[in-house]
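Asker: The sequence shown maps to residues 912 to 1098 in my numbering. We put the beta carbon where it would ideally sit given N, CA and C, even for glycine. Please find one structure pasted underneath; my questions will follow.
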Amino acid sequence: MKKTLFIIIFLAIPSIAHAAGGGEAGSHSLLDWLFRIINFAVLAAVLGFLLFKFAKDLLVKRKIEVERLLKEAEETKFAAKKRLTEIEERIHKKEEEIKAILEDARMRGEREKTLLIEEGDKVRQRLETHAKGRIEQELKKAKEELHKEAVNLAVELAEKKIKKDIGNNEQSSLVEEYLIKIGGNRS
């Protein structure tokens, strides 16, 4: 701070000395222009030095701040990339889990379909077997009934024919003969 104050006073003295000078109104000599140029150069150099010193400090601080911000940005970028990678990995794992679940569901569906088809085939076979058995029973029963009816009709027809062919006297003698054969006497 003392150094800065000294420089300001040093620069102000030539201006004060010049202002205190006599009032030569019209004379602008080459020497006068030379002093003005030197005075301006010294003033510009001192101001440049001071401004450079302050500007240098400001630029150094700004550089440090920018470097810190860049470092923070890099760290944030790295953290964001890491987080993105983690999220992408989680998404990939979830997609794999979804694929596995869908595949498992498809496999279960196929197994269920196969089991249902097999069960349906078994039920169909049982029903066919049962139906065939019932049909055979009904057919056998119908054949037996037809046979009985045919026998009854044959007996009736034979009886009618015999009655027609044989008279009452012959019938009585045949009945007696038959009864004698089986052990009974009809008198």
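(1) Under 7 Å, do L916 and V957 count as touching if we go by C-beta distance?
(2) So, with DSSP's three-state summary, where would you put S940?
(3) How many angstroms separate the CA atom of E1047 from the CA atom of E1056?
(4) Going by DSSP in three states, I920 sits in which element: helix, strand or coil?
(5) What separation, rounded to the nearest whole angstrom, lies between the Cα atoms of K1024 and L1013?
Answerer: Judging by the given coordinates:
(1) In this structure, V957 does not lie closer than 7 Å to L916 by Cβ.
(2) S940 falls in the coil class under three-state DSSP.
(3) Cα to Cα, the separation comes out at about 14 Å.
(4) Looking at I920 - three-state DSSP - the assignment turns out to be helix.
(5) Their Cα atoms are separated by approximately 16 Å.
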